[in-house]
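Visitor: Got a structure for you, questions after.
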Amino acid sequence: MLPTKMRQKLKDTLLGTRISIPSIANRRMKALHYRVRVDFSALRSHLKKHKITVDNICEQCSTNSVEDPKHYFLECPAYDQQRSKLLETLEDNVIVANVGTAEI
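Sequential numbering from 1212 applies to the sequence shown in the numbering used here.
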């Protein structure tokens, strides 16, 4: 177990400058974020769930994958370039700490 002062310093350092990712600034972005979280977005898996469309296959790529949040944000090859740019930006601006917080 870490000494109290050291534990508090780690908390202040790691949690004091917390960055919200994604940082949602305006009402439109908040609404889009909420819709994805509650399965009511324009993603084809959500549209099919609500019987708005008949299939849930991603039209942006040729992988025949279901267009769900995981595919859209993390896997779809159609968005590889944007995803790479985002990751580069995050690497340049965010320090990632691999610290176990169970004892903090």
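For each residue, glycine too, the CB sits at the ideal point set by N, CA and C.
Looking at the structure shown, is V1249 part of a helix, part of a strand, or coil, going by DSSP?
Guide: coil
Visitor: On the CB-based measure, 16 or more other CB atoms within 10 Å of its CB, does T1312 come out buried or exposed?
Guide: Unreliable positioning characterises T1312 in this predicted model, as indicated by a pLDDT of 49, which lies under 50. A coordinate reading is not provided.
Visitor: Which two residues bound the contiguous alpha helix (DSSP H) that contains L1285?
Guide: L1285 -> no alpha helix (DSSP H), and no H or E assigned at all.
Visitor: Would you call the segment 1289-1297 and the segment 1247-1262 in contact, with 3 or more CB pairs under 8 angstroms?
Guide: no
Visitor: Do the CB positions of Q1271 and A1289 come within less than 8 angstroms of each other?
Guide: yes
Visitor: In angstroms, rounded to a whole number, what distance separates the CA positions of D1250 and T1215?
Guide: For D1250 and T1215, the distance between alpha carbons rounds to 43 angstroms.
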